[in-house]
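Trainee: I'd like to ask some things about the structure below.
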Amino acid sequence: MPTINPPLTKSCFTNGADLNECLIQYFAGTLDYFTDLSRLWLPPALLHPSNTLWGLLDSELMYEAIDKLSYLHRAIITQEYRPSEETQAYINDCYVLTSSNLQLDDWQSNELRLAIYSLSEIVLDLL
1 MPTINPPLTK SCFTNGADLN ECLIQYFAGT LDYFTDLSRL WLPPALLHPS
51 NTLWGLLDSE LMYEAIDKLS YLHRAIITQE YRPSEETQAY INDCYVLTSS
101 NLQLDDWQSN ELRLAIYSLS EIVLDLL
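What follows is the structure, encoded as structure tokens:
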């Protein structure tokens, strides 16, 4: 009789606050900066003990993760962390094409939540 394998379930998650802090640093261009060289030899988890992603994510991996998002979710995240009129115009165009009953700000907030969730799943898969 063949063995049936139980379904795989994820046993870990990405901390949203930690991902937010890494996104702030990424869009500021400082995610790869490391100022305390005396701690450089430590394992990644101890580089920034209060952030579970610090030392695991770098700009290249963050770029790869963001690049896997839909165009809309990339724009939504970019607008949140590095606002521009061009990005907002794209988001506005996407909003017009939806049949949402929400106001633009509410719709954009909802899409940001979905984009961050999608990004956290992608980051988890890449790590």
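Positions 1 to 127 (the working numbering) are the ones given, in order, by the sequence shown. For glycine and all other residues, C-beta sits at the position ideal for the given N, C-alpha and C.
(1) Do residue 126 and residue 61 count as a contact pair if the criterion is CB distance below 8 Å?
(2) For residue 78 and residue 91, what's the separation of their Cα atoms in angstroms?
(3) Roughly how many angstroms lie between the CA atoms of residue 104 and residue 116, to the nearest whole one?
(4) Where does residue 57 fall in DSSP's three states?
(5) If you count every other CB in all the chains shown that lies within 10 Å of the CB of residue 96, and 16 or more means buried, which is it?
(6) Going along the chain, which residues of its own chain have a beta-carbon closer than 8 Å to the beta-carbon of residue 19, five neighbours each way excluded?
(7) With distances taken Cα to Cα, identify the nearest neighbour of residue 22 among 75, 69, 81.
(8) With DSSP as the reference, label residue 11 as helix, strand or coil.
(9) Find the nearest neighbour of residue 112 within the set 17, 73, 87, judged by alpha-carbon distance.
(10) Could you name each continuous alpha helix (DSSP H) segment of 4 residues or more that falls completely within the segment 63-88, going from the start of the chain to the end?
(11) Which value, in whole angstroms, describes the spacing of the CA atoms of residue 102 and residue 69?
Mentor: Straight from the coordinates:
(1) On the sequence shown, residue 61 is found 61 positions in, with the first residue counted as 1. On the sequence shown, residue 126 is found 126 positions in, with the first residue counted as 1. In contact: residue 61 and residue 126 (Cβ atoms closer than 8 Å).
(2) Counting from one through the sequence shown, the residue named residue 78 turns up at place 78. Counting from one through the sequence shown, the residue named residue 91 turns up at place 91. Distance between the alpha carbons of residue 78 and residue 91: 11 Å.
(3) Position 104 of the sequence shown holds residue 104. Position 116 of the sequence shown holds residue 116. When rounded, the distance between both Cα atoms is 18 Å.
(4) Translated into the one-based positions of the sequence shown, residue 57 becomes position 57. Looking at residue 57 - three-state DSSP - the assignment turns out to be strand.
(5) Position 96 of the sequence shown, counting from 1, holds the residue named residue 96. When all chains shown are included, residue 96 counts as exposed.
(6) Counted from its first residue, the sequence shown places residue 19 at position 19. Once the five neighbours on either side are set aside, the close Cβ partners of residue 19 are 53, 116, 119, 120, 123.
(7) Residue numbering aside, residue 22 sits at position 22 when the sequence shown is read from its first letter. When only C-alpha atoms are compared, the closest one is 81.
(8) By one-based count along the sequence shown, residue 11 stands at place 11. Summary for residue 11: the model assigns pLDDT 48, below 50, so the residue's position carries little reliability; its value from the coordinates is reported in the next sentence. Coil.
(9) For the purposes of this step, residue 112 is identified with residue 112 of the sequence shown, where counting begins at 1. Answer by Cα proximity: 73.
(10) 71-81
(11) Indexing the sequence shown from 1 puts residue 102 at position 102. Indexing the sequence shown from 1 puts residue 69 at position 69. Residue 102 and residue 69: Cα-Cα distance of roughly 23 Å.
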